[in-house]
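Enquirer: In numbering that gives the first Met the number 0, the protein residues as written are 0 to 88.
Pasting a structure here, questions to come.
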Amino acid sequence: MPGRRQEKTGVVLSNRMQKTVVVKVVRRVKDPLYKRYVTKTSTFHAHDEQNRCSTGDKVRIQETRPLSRLKRWRVVEILSNKGAEKGTA
0 MPGRRQEKTG VVLSNRMQKT VVVKVVRRVK DPLYKRYVTK TSTFHAHDEQ
50 NRCSTGDKVR IQETRPLSRL KRWRVVEILS NKGAEKGTA
């Protein structure tokens, strides 16, 4: 469908910037020659308006208009708070 924005699920690697998080997305693809599954990772810079994400959180990001030189994604929701659990332990 035209106009539909992509959504991806990943883990927050870094939240050191203001209102920005770096998200690692893992996907498994089948090798065309050897027919084995290979794990590929990509990193995306995503906009986090309230600075709610912390390192280790599982988040869902959505494609959006360019917000800066690297940011083309925004955090839609936090699926699990691994970062908060580490800080309290």
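We put the CB at the ideal spot given by N, CA and C, even for glycine.
Just to confirm the assignment, what range does the beta strand (DSSP E) spanning leucine 12 have?
Expert: Element bounds for leucine 12: 6-13.
Enquirer: Using a threshold of 8 Å, state whether the C-beta atoms of glycine 55 and lysine 34 are closer than that.
Expert: No. Outside cutoff.
Enquirer: Within a Cβ cutoff of 6 Å, which residues of the same chain sit near threonine 8, ignoring the five residues on either side of it in sequence?
Expert: Cβ within range, chain order: Arg59.
Enquirer: Judging by CA-CA distance, which residue of Ile77, Arg27, Arg3, Pro1 is the nearest neighbour of alanine 45?
Expert: The candidate whose alpha carbon is nearest that of alanine 45 is Ile77.
Enquirer: When DSSP labels each residue in this structure, what does lysine 81 get in the three-state scheme?
Expert: Helix at lysine 81.
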